[in-house]
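So the protein lines, in turn, are chains A and B.
Here the first sequence is numbered in my numbering, starting from 1 and rising by one per residue.
Here the second sequence is numbered in my numbering, starting from 1 and rising by one per residue.
C-beta: ideal position from N, C-alpha, C; glycine also.
Read through the structure below, which is laid out as structure tokens, and then see the notes.
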Amino acid sequence: MELLLQISASLQQGDDSKVHELTSLALQQGHAPEKILSDGLIAGMDIIGKQFRHHEIFLPDVLMAAKAMNAGLDLLKPLLQESGQIGLGKIVIGTVSGDLHDLGKNLVTIMLKGAGFEVIDLGKDVKPSTFVDTAISENATVIGMSALLTTTMPVMKSVVEILHERGLANSIKTIIGGAPLSDEYAREIGADAYAYDAANAVVKIKELMGV
Amino acid sequence: MRQSSLFNPTEILPNEKDILKHQGIPEEHTPSTRIQNILSEAIILFIGEAKPQWIRAQVSRSEFKAIYLGAGENFIENPLENIYSQASNLALFALTVGLEISNKIENLFQQKEYALAAMLDSVASTAAENAVARCEKLYEESLQETDETATVLAYSPGYCGWHISGQKNLFDYLKPEQIGITINNHFLMTPLKSVSGLLVAGPPKIHLFKNNFDFCRSCTDKSCTERMWKINHPEEKNSEIRRTNGITTADFSQSSAG
Chain A
1 MELLLQISAS LQQGDDSKVH ELTSLALQQG HAPEKILSDG LIAGMDIIGK QFRHHEIFLP
61 DVLMAAKAMN AGLDLLKPLL QESGQIGLGK IVIGTVSGDL HDLGKNLVTI MLKGAGFEVI
121 DLGKDVKPST FVDTAISENA TVIGMSALLT TTMPVMKSVV EILHERGLAN SIKTIIGGAP
181 LSDEYAREIG ADAYAYDAAN AVVKIKELMG V
Chain B
1 MRQSSLFNPT EILPNEKDIL KHQGIPEEHT PSTRIQNILS EAIILFIGEA KPQWIRAQVS
61 RSEFKAIYLG AGENFIENPL ENIYSQASNL ALFALTVGLE ISNKIENLFQ QKEYALAAML
121 DSVASTAAEN AVARCEKLYE ESLQETDETA TVLAYSPGYC GWHISGQKNL FDYLKPEQIG
181 ITINNHFLMT PLKSVSGLLV AGPPKIHLFK NNFDFCRSCT DKSCTERMWK INHPEEKNSE
241 IRRTNGITTA DFSQSSAG
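This is how it looks when you write it as structure tokens:
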């Protein structure tokens, strides 16, 4: 089997040491880091994402594949940064201020990285201005916000308002997610998208970025 | 009367089926050996790391009425007012599986052990639900000398029309800080794997209501259906009453963005 296909297959099996070994071999054989990323790692994660959306595999399978993805990415990242190829786009993500639930946000981060995005994870309890300031300083085009509590949902609206106040609402898109949220709430606060789970977040962010 | 105590982690350990369900794995699906291994590892970690504790304080109906009114944000139409006003006994409660578990989950994520971290999160969340069921049982047993027919069920702020802001009054009365549970300005409890609420004891029928309130439409929990089914089928009484009517953590089956 061709080496990049083997990387993809090993990633799908969640075999992180094999992915590390094969990625290293691919670099030694002169494969371009961008090619290893797109045709090996991201190709594998794409299949994983589709299988997950179709309920053919489950969360632990996805997370094992994500760990394998990281094993390969660790080798590629310094090389990609050197060449300025940092992926599909940059996203700032965090759990909004007052909320400490970060499991869902972590899953979205893992899935986005697996899909080839660069993710700046601000963690939890993130103030509205921090989302916006970081997106500006990091030149990110999407802000992802997570909340599990109804009492912290209004923080998301503040972020959208700051973007509007600063005239950035067209250049920095917003996506929200979390158990109490909905498409309707996203529309109500002027967010650009709502994602119902981590896999859906990847789809929606690709739509927002047009990639 | 105020009481607090520890649980042994094994006392609230969820069964594997419930943990896998929390991971979004359907009952009819046989998990792979790798998933099974991760599950076993998460259970061992839970038993080693969890420090479950609970606290309970008896309240009168009039005392609870003041607590329940909170900041006046409860839904006008709700089932709990009718339920607690018929209760024979009421007690506020709070429980936690401990801060250590949350820290462990966070550390595992940082170490990129994602699958194990998420599995441990599911073990802890389902264990918190089991701890609520255990608290219900303990309260029921404590009342048996005086109220042997009482059925105890728990109700939590943030559910069934009881506004989440009710946490403030509940905490002021119960003082669960004593067992390490605090709330922030958004009424979020720390440690995250904690549940608080009201234990309502009384004849089984008081817990029955028609779940067609306004807030029922947006409820993602729906555990009331199962709870009421159990009451209507007392032959099932000895089986574990699964409930998720507590403030725990993200539910993968509902959303992974929590």
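Within 7 Å of any Cβ in chain A, is that where the Cβ of residue 229 of chain B sits? no
Since residue 64 of chain A meets chain B, which of its residues come closer than 9 Å, beta carbon to beta carbon? 34, 35, 38, 114 and 115
Tell me which residue opens and which closes the beta strand (DSSP E) that residue 260 of chain B is part of. There is simply no residue 260 of chain B to check, as chain B begins at 1 and stops at 258 in what is shown.
Test item: CB-CB of residue 158 of chain A and residue 105 of chain A under 7 Å: no
Closer than 7 Å at the beta carbon, the chain A residues around residue 274 of chain B: Any question about residue 274 of chain B goes unanswered here, given that chain B covers just 1 to 258.
Determine, using beta carbons only, whether residue 124 of chain B comes closer than 7 Å to chain A. no
Is DSSP giving residue 211 of chain A helix, strand or coil here? coil
On a CA-only basis, which of B/174, B/225, B/204 and B/193 is nearest residue 126 of chain B? Give me that one, please. B/193
Tell me whether residue 137 of chain B sits in a helix, a strand or coil according to DSSP, three-state version. helix
State yes or no: is the C-beta of residue 73 of chain B within less than 7 Å of the C-beta of residue 165 of chain B? yes
Residue 39 of chain A versus residue 182 of chain A: straight-line alpha-carbon distance, rounded: 34 Å
Among the candidates A/148, A/77, A/132 and A/24, whose CA atom is the shortest distance from the CA of residue 116 of chain A? A/77
Contact residues within the region 163-181 of chain A, judged by C-beta distance below 7 Å to chain B: 177, 178 and 179
Under DSSP, the alpha helix (DSSP H) around residue 158 of chain A begins and ends at which residues? 154-165
Find the nearest neighbour of residue 72 of chain A within the set A/108, A/102, A/57 and A/14, judged by alpha-carbon distance. A/14
Along the chain, where does the beta strand (DSSP E) containing residue 214 of chain A start, and where does it finish? Residue 214 of chain A falls outside the range modelled here, since chain A spans only 1 to 211, and no answer is possible.
Touching or not, the region 38-51 of chain B and the region 97-117 of chain B, by the rule of three or more beta carbon pairs under 8 Å? yes
Assess, as a yes-or-no matter, whether the region 58-67 of chain A is touched by the region 121-129 of chain A under the definition of 3 or more beta carbon pairs within less than 8 Å. no
Would DSSP call residue 91 of chain A helix, strand or coil? strand
Would you say the region 91-109 of chain A touches the region 148-166 of chain A, given that touching needs at least three Cβ pairs under 8 Å? yes
I'd like the list of long-range same chain contacts for residue 41 of chain A, defined as Cβ closer than 7 Å, with 5 residues on each side in sequence excluded. 7, 11, 69, 72 and 73
For residue 53 of chain A, three-class secondary structure by DSSP: helix
Residues of chain B with a CB under 7 Å from the CB of residue 50 of chain A: which are they? Within 7 Å Cβ-Cβ: nothing; residue 50 of chain A doesn't reach chain B, min ~16 Å.
State the DSSP-derived secondary structure class of residue 187 of chain B, mapped to helix, strand or coil. coil
Look at residue 201 of chain A and residue 177 of chain A and say whether their C-beta atoms are less than 7 Å apart. yes
Would you list the one or two residues that DSSP bridges to residue 195 of chain B? B/95
Residues, ordered as in the chain, of the region 142-161 of chain B that lie near chain A by beta-carbon distance below 9 Å: 158
As a quick exercise: from B/88, B/95, B/33 and B/90, pick the residue whose alpha carbon is nearest that of residue 176 of chain B. B/95
Residue 189 of chain A at chain B interface by Cβ criterion, 7 Å: no
Tell me whether the region 125-140 of chain A and the region 1-20 of chain B touch, counting them as touching only if at least three CB pairs, one residue from each stretch, are closer than 8 Å. no
Can the beta-carbon of residue 193 of chain A be found less than 7 Å from the beta-carbon of residue 175 of chain A? yes
Using the C-alpha atoms, what's the distance from residue 31 of chain A back to residue 19 of chain A? 15 Å
Here's a check: name, in chain order, each residue in its chain whose Cβ is nearer than 6 Å to the Cβ of residue 75 of chain B, leaving out the five neighbours to either side. 161 and 215
On the premise that residue 119 of chain A lies in contact with residue 143 of chain A, defined as a C-beta separation below 8 Å, what is that separation, rounded to the nearest angstrom? Actually they are not in contact, since the Cβ atoms of residue 143 of chain A and residue 119 of chain A sit about 11 Å apart, beyond 8 Å.
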